[in-house]
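So the protein sequences, as listed, match chains D and L.
Per the numbering used here, the first sequence starts with residue 6, numbered consecutively.
Per the numbering used here, the second sequence starts with residue 6, numbered consecutively.
Cβ atoms here follow ideal geometry from the backbone N, Cα and C, with glycine treated the same way.
If you're wondering where the values come from, they're calculated on a predicted model, not measured in any experiment.
Since the structure comes first, as structure tokens, the remarks are kept for the end.
2 protein chains.
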Amino acid sequence: MSRLVMKFGGTSVATLDRIRRAAKRVGREVANGHEVIVIVSAMAGKTNELVGWVNETSPFYDAREYDAVVSSGENVTAGLMALTLQEMDVPARSWQGWQVPVQTTGAHGAARIEAIPTANLDARFADGMKVAVIAGFQGISPEGRITTLGRGGSDTTAVAFAAAFDAVRCDIYTDVDGVYTTDPRITSKARKLDRIAFEEMLELASLGAKVLQTRSVELAMRYGVKLRVLSSFDEYDETAGTLVCQEDEIVENNVVSGVAYSRDEAKMTLLNVDDKPGIAAAIFGPLAEAGVNVDMIVQNISEGGQTDMTFSCPIDQVKRATQAMEGAKASGGIAYTDLVADTEVAKVSVVGIGMRSHTGVAAHMFKALRDENVNIKVITTSEIKISVLIDRKYMELAVQALHDTFGLEKLGGGLES
Amino acid sequence: MSRLVMKFGGTSVATLDRIRRAAKRVGREVANGHEVIVIVSAMAGKTNELVGWVNETSPFYDAREYDAVVSSGENVTAGLMALTLQEMDVPARSWQGWQVPVQTTGAHGAARIEAIPTANLDARFADGMKVAVIAGFQGISPEGRITTLGRGGSDTTAVAFAAAFDAVRCDIYTDVDGVYTTDPRITSKARKLDRIAFEEMLELASLGAKVLQTRSVELAMRYGVKLRVLSSFDEYDETAGTLVCQEDEIVENNVVSGVAYSRDEAKMTLLNVDDKPGIAAAIFGPLAEAGVNVDMIVQNISEGGQTDMTFSCPIDQVKRATQAMEGAKASGGIAYTDLVADTEVAKVSVVGIGMRSHTGVAAHMFKALRDENVNIKVITTSEIKISVLIDRKYMELAVQALHDTFGLEKLGGGLES
Chain D
6 MSRLVMKFGG TSVATLDRIR RAAKRVGREV ANGHEVIVIV SAMAGKTNEL VGWVNETSPF
66 YDAREYDAVV SSGENVTAGL MALTLQEMDV PARSWQGWQV PVQTTGAHGA ARIEAIPTAN
126 LDARFADGMK VAVIAGFQGI SPEGRITTLG RGGSDTTAVA FAAAFDAVRC DIYTDVDGVY
186 TTDPRITSKA RKLDRIAFEE MLELASLGAK VLQTRSVELA MRYGVKLRVL SSFDEYDETA
246 GTLVCQEDEI VENNVVSGVA YSRDEAKMTL LNVDDKPGIA AAIFGPLAEA GVNVDMIVQN
306 ISEGGQTDMT FSCPIDQVKR ATQAMEGAKA SGGIAYTDLV ADTEVAKVSV VGIGMRSHTG
366 VAAHMFKALR DENVNIKVIT TSEIKISVLI DRKYMELAVQ ALHDTFGLEK LGGGLES
Chain L
6 MSRLVMKFGG TSVATLDRIR RAAKRVGREV ANGHEVIVIV SAMAGKTNEL VGWVNETSPF
66 YDAREYDAVV SSGENVTAGL MALTLQEMDV PARSWQGWQV PVQTTGAHGA ARIEAIPTAN
126 LDARFADGMK VAVIAGFQGI SPEGRITTLG RGGSDTTAVA FAAAFDAVRC DIYTDVDGVY
186 TTDPRITSKA RKLDRIAFEE MLELASLGAK VLQTRSVELA MRYGVKLRVL SSFDEYDETA
246 GTLVCQEDEI VENNVVSGVA YSRDEAKMTL LNVDDKPGIA AAIFGPLAEA GVNVDMIVQN
306 ISEGGQTDMT FSCPIDQVKR ATQAMEGAKA SGGIAYTDLV ADTEVAKVSV VGIGMRSHTG
366 VAAHMFKALR DENVNIKVIT TSEIKISVLI DRKYMELAVQ ALHDTFGLEK LGGGLES
């Protein structure tokens with residue numbers, strides 16, 4: 006019998022009424038002949054409450070206890086979902102991570118799933134169970150402690166179950182109706198994408214489009230899981246939401262698929278760094294040790310043995326980055342005259358697998374920004390993405406201009422292909 | 006090293022601040038040289054919230070899912086308590102029921118603890134852990150599903166751990182400062198007992214004095230666990246609270262130790278029952294099957310082959326009892342002319358191990374009630390208890406009168422010994 010994975014996020018199970026609505030969808034898929042694995046998040050707000058308690062109790066908490074506490078919200082939803090399905094005469098039971106068991110690494114708070122043995126669920130499906138409801142976001146470490154997978158981890162739970170059980174589809178029900186060409190709050194011209202390639206989704210996810218956890222997209226790509234993002238508030242049909250799929254399953258798309266942005270960026274510049282071999286390691290080693298997520302890196306042309314080194318990081322890590330650099334300077338690891346932090350910047354990116362076969366995208370992008378008098382501070386590129394750091398006050402303007410220039414409001418618009 | 010069990014109820018861990026206060030007590034016991042096993046309940050109100058959700062979702066719920074949902078509150082408190090202790094530099098970790106594992110029967114919602122293997126905790130204590138924080142109220146069934154032990158079950162968890170780990174003491178921290186001669190809300194003369202015998206506590210617990218779960222007292226009696234009930238809001242000292250102990254550890258006590266009451270009783274009378282062999286089984290079999298907790302039973306003197314049969318049960322089971330009796334009548338199992346339910350009654354009881362060696366307690370009790378013109382409807386007795394069913398409107402009056410007549414306001418008062 007075909008297996009289907011359905012994941013419901015926190016807003017989709019926020020109340021008993023919404024759990025019932027989600028359960029009805031599950032019931033319909035059972036009626037369609039599927040055995041269903043349902044992955045649930047905690048009811049909206051619950052995880053934040055638990056995280057708040059942990060932080061208030063212990064600012065530098067033991068991550069093992071953090072995991073034991075914050076994983077409890079999903080257990081509640083899983084039991085309630087199973088009960089709701091039973092009320093609808095659908096044979097269902099709940100499973101907590103350790104019962105499956107979802108085996109993870111011991112990296113508490115950000116564990117990775119290593120294996121999902123299928124024997125326990127298979128035995129129950131063979132017994133007539135139609136729905137296994139799984140508490141998302143959680144697993145157990147090799148030491149038998151509860152682990153969690155990081156924020157958005159239930160997406161990854163869903164994809165991992167879809168891979169382990171060879172599911173025909175993995176449907177991610179959320180509070181938006183799919184993946185858009187850009188944030189509809191910034192331009193009403195934003196268009197829902199029917200399909201998007203894994204690689205593009207990966208870039209968008211890591212750029213801050215919070216639809217899917219990055220790790221879940223990586224897993225789906227590796228195991229070829231058909232991943233659909235759709236709204237739990239709309240009626241279902243076969244074309245609902247956005248299908249995240251292999252590049253060759255996409256018949257037609259624009260050269261650029263989407264424009265993403267990230268508001269909370271900071272640009273840090275070390276002035277007059279001694280430009281000698283190993284200087285990059287001497288700078289970015291201490292930053293990594295301090296847990297700073299360095300994103301873009303630019304090294305200016307060296308003049309007279311000295312150079313400026315610029316990098317970007319999340320704005321709330323500026324203090325940590327500054328301390329790491331001052332520490333490295335004090336211990337003689339690096340030498341520089343000044344460290345300048347610009348906390349008024351944002352990152353804007355265009356993403357599209359069409360860029361592989363198309364030249365000129367960068368030139369178009371820079372021209373569109375110049376026409377709006379937006380100054381570019383840092384540029385980085387990958388095979389399917391171009392990102393620029395600009396003044397935050399121009400961010401919305403830049404997103405709108407790029408959305409227009411690449412013709413994203415309609416399929417087939419933009420650059421000639 | 007000596008082991009100590011400390012249990013904190015819902016009001017004692019209702020907020021992060023109270024958890025800190027409880028943790029300080031634990032820290033002091035560690036400083037005193039103990040290895041401590043802490044049993045925690047859910048934060049006050051949490052379990053009720055979860056039970057409410059289950060009932061709203063599914064009136065006739067799957068008890069396995071009920072247990073999976075309602076057990077989650079204790080997991081949160083256990084993690085927060087461990088974190089709080091760590092903040093105080095006390096080496097601690099949390100354990101959920103399945104991690105110990107606390108092995109129970111499969112009677113979901115009212116499971117009994119069958120075994121608590123000590124190996125996992127012992128290994129961690131040997132490693133330097135000073136406090137094991139255990140999520141109370143929960144365990145796992147032989148099938149690996151989560152079970153709960155019924156309301157008040159964390160008391161039983163505490164006593165079971167004290168027995169398994171051979172603890173020097175089991176301290177139950179709650180929102181009252183011990184066991185009283187009667188409810189202080191009914192008479193200000195109520196006096197805190199320094200010591201009470203297991204047998205007396207058992208009678209009081211089952212009579213509705215909600216200080217300890219009955220099962221926990223049974224276990225403590227069987228395994229000789231020194232059980233102390235004390236307030237988490239008072240400063241600790243060696244004589245705090247009430248020690249529940251063996252009869253021979255009590256040097257002096259009154260003949261009657263306490264007056265208990267139960268407000269929510271109903272009296273049911275079957276009129277003109279055919280008085281033939283097996284009639285009691287024909288009545289009480291169907292009641293047991295319907296889940297009615299029959300308490301007192303009285304059979305009137307038979308006249309002309311017919312008799313009246315009276316029993317008491319909790320007031321919220323009257324409907325269920327009535328249906329069971331009408332069903333038995335309809336199927337020809339029993340014959341009676343009428344079923345009369347009196348829902349305006351209460352039970353008042355005097356309890357004391359001194360009654361074993363003292364005669365005249367019943368006579369004193371009946372005289373005291375007669376002096377207040379309280380009519381007795383049903384009487385039952387055990388070796389250390391006399392209970393009467395009376396009109397509910399006289400309940401407080403009867404408790405006060407009995408408290409006075411047996412001189413409970415001071416040690417050594419009452420009947421001459």
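Using only alpha-carbon positions, find the residue among A167(L), K382(L) and C175(L) that is nearest to T274(L).
-> Check the Cα spacing between T274(L) and each of A167(L), K382(L) and C175(L): the tightest is with K382(L).
Mind checking if Q104(D) is an interface residue toward chain L, Cβ cutoff 8 Å exclusive?
-> Yes, because at least one Cβ of chain L sits closer than 8 Å to the Cβ of Q104(D).
If you follow the alpha helix (DSSP H) that E425(L) is part of, which residue opens it and which one closes it?
-> The structure shown has nothing for residue 425(L), since chain L only spans 6 to 422.
Assigned secondary structure, R220(L) (DSSP; H/G/I helix, E/B strand, else coil) | R220(L) falls in the helix class under three-state DSSP.
Can you list, in chain order, the residues of its chain whose CB lies under 8 Å from that of D376(D), leaving out five sequence neighbours each side?
-> For D376(D), where only same-chain residues beyond five positions count, the Cβ hits under 8 Å are A406.
Cα-Cα separation between Y399(D) and V379(D), rounded to whole angstroms = Y399(D) and V379(D) have their C-alpha atoms roughly 7 Å apart.
Ends of the beta strand (DSSP E) at L416(L)?
-> Careful: L416(L) lies outside any beta strand (DSSP E) and carries neither H nor E.
Identify every run of the alpha helix (DSSP H) within the segment 64-98 of chain L, keeping only runs that are complete inside it and at least 4 residues long; order them along the chain.
-> If we require 4 residues or more, the alpha helix (DSSP H) runs fully inside the segment 64-98 of chain L come out as 68-75 and 77-92.
Reduced DSSP category for Q405(D) - H, G, I as helix; E, B as strand; rest coil = Helix.
A295(D) to D313(D), Cα distance in whole Å?
-> Answer to the nearest angstrom: the Cα atoms are 21 Å apart.
Going by Cα to Cα distance, which pick from G309(D), R220(D) and K215(D) is closest to V184(D)?
-> Closest by alpha carbon: K215(D).
Which value, in whole angstroms, describes the spacing of the CA atoms of K51(L) and G158(L)?
-> Using only the alpha carbons, I get a separation of about 15 Å.
Cβ-Cβ distance between V272(D) and D347(D) below 8 Å | It should be pointed out that residue 272(D) corresponds to Lys in this sequence rather than to Val. Yes, the Cβ-Cβ distance between K272(D) and D347(D) is below 8 Å.
Spatial distance of T364(L) from K415(L) (CA atoms) | Distance between the alpha carbons of T364(L) and K415(L) is about 21 Å.
Taking one C-beta from the segment 276-295 of chain L and one from the segment 253-261 of chain L each time, how about it: are there three or more such pairs within less than 8 Å?
-> With contact defined as three or more Cβ pairs closer than 8 Å, the segment 276-295 of chain L and the segment 253-261 of chain L are not in contact.
Kindly indicate which residue of V234(L), D182(L) and D176(L) has the alpha-carbon position closest to the one of L9(L).
-> That would be D176(L), whose Cα lies nearest to the Cα of L9(L).
Under 8 Å by beta carbon: chain D residues contacting V59(L) = Annotation: Cβ neighbours of V59(L) in chain D (cutoff 8 Å, chain order): G84, L85 and L88.
Please determine, among R98(L), P282(L), V278(L) and K352(L), the residue with the shortest C-alpha to C-alpha distance to I339(L).
-> Taking the Cα of I339(L) as reference, the smallest distance to any Cα among R98(L), P282(L), V278(L) and K352(L) is reached at V278(L).
Measure the C-alpha to C-alpha separation of E208(L) and G102(L) and round it to an integer number of angstroms.
-> Taking the straight line from one Cα to the other gives about 29 Å.
Quick one: any contact between the segment 139-157 of chain D and the segment 186-194 of chain D, if contact means 3 or more CB pairs under 8 Å?
-> Touching, no, given that fewer than three Cβ pairs across the two stretches are closer than 8 Å.
Would T438(L) be called buried (16 or more neighbouring beta carbons within 10 Å of its own) or exposed?
-> As displayed, chain L neither begins before 6 nor continues past 422, which places residue 438(L) out of reach and without an answer.
Alpha carbon to alpha carbon, what distance is there between P64(L) and E243(L)?
-> Taking the straight line from one Cα to the other gives about 47 Å.
Checking contacts by CB at 8 Å: is L207(D) closer than that to chain L?
-> Not closer than 8 Å to any Cβ of chain L, the Cβ of L207(D) fails to qualify, so no.
In three-state DSSP terms, what is L154(D)?
-> DSSP places L154(D) in coil when its eight states are reduced to three.
May I have a chain-ordered list of the alpha helix (DSSP H) segments no shorter than 4 residues that lie completely inside the segment 337-362 of chain D?
-> For secondary structure counted as the alpha helix (DSSP H) over 4 or more consecutive residues, the segment 337-362 of chain D holds no complete run.
Hey, out of G133(L), T20(L) and V366(L), whose CA is closest to G38(L)'s CA?
-> For G38(L), the nearest C-alpha among the options comes from G133(L).
Starting from I121(L), trace the alpha helix (DSSP H) both ways and give me its first and last residue.
-> Looking at the DSSP string, I121(L) is not in any alpha helix (DSSP H), and its letter there is neither H nor E.
Identify every run of the alpha helix (DSSP H) within the segment 9-58 of chain L, keeping only runs that are complete inside it and at least 4 residues long; order them along the chain.
-> Qualifying alpha helix (DSSP H) stretches, in chain order: 21-36.
Which bits of chain D does G149(L) rub up against, with CB to CB less than 7 Å?
-> Chain D residues near G149(L): Q104.
Using a Cβ-Cβ cut-off of 8 Å, state whether L126(D) counts as contacting chain L.
-> By this cut-off, L126(D) is not an interface position.
What residues from the segment 149-165 of chain D come within 7 Å of chain L, judged by C-beta to C-beta, listed N to C?
-> Flagged, chain order: G149.
Within the 8 Å Cβ cut-off, does L402(L) reach chain D?
-> Answer no: the Cβ-Cβ gap between L402(L) and chain D never drops below 8 Å.
Report yes or no: is there a C-beta of chain L within less than 8 Å of the C-beta of L374(D)?
-> Interface flag for L374(D) against chain L is unset, since no Cβ pair is found closer than 8 Å.
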